[in-house]
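Here this note's numbering is used: the first residue of the sequence shown is 33, the next is one more, and so on.
Cβ atoms here follow ideal geometry from the backbone N, Cα and C, with glycine treated the same way.
All of these numbers come straight from a predicted model, not from anything done at the bench.
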Amino acid sequence: MGLKQVHLHVKGRVQGVYFRASTQREAKRLGLCGWVKNRPDGGVEVLAEGEEDGLKELIAWAQKGPSAARVERVDVRWRGFQGDFSDFRIVE
């Protein structure tokens, strides 16, 4: 499938429910690199790189999130692989 990058904007009740920590754990499990952060609008933003199959799994996971989350919508933008990251971090 090849290496790609995906940018997600997750909307709903996704702050204060361990969404970032859960996203980091899931991304690492899938062998992805990048970051996750809270947005001022109450959403969560994710930038992830890696194998396309792993990115698709992360998108599917983000559409549900951890059990306490209530995801309303996930905006997905695919991009070309950049290779900018060596791990997956929570950005404050």
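Self-check item: Bridge-paired residues (DSSP) for Ile122
Solution: Val68
Quiz item: Which residues bound the alpha helix (DSSP H) around Ala53?
Solution: 51-61
Self-check item: Residue ranges of each alpha helix (DSSP H) within the region 80-119, 4 or longer
Solution: 84-94
Quiz prompt | Rounded Cβ spacing between Gln56 and Val68 (contact assumed at less than 8 Å) | solution = 6 Å
Quiz item: From this set, Lys36, Phe113, Gly74, which residue's C-alpha is nearest Arg105's C-alpha?
Solution: Gly74
Quiz item: By Cβ distance below 6 Å, which residues in the same chain neighbour Arg102 in space, the five residues on each side in sequence not counted?
Solution: Gly44, Arg45
Self-check item: Spatial neighbours of Ser54 in its chain, beta-carbon cut-off 7 Å, leaving aside the 5 residues before and after
Solution: Gly97, Pro98
Quiz item: Out of curiosity, what's the CA-to-CA distance linking Phe51 and Ala100?
Solution: 9 Å
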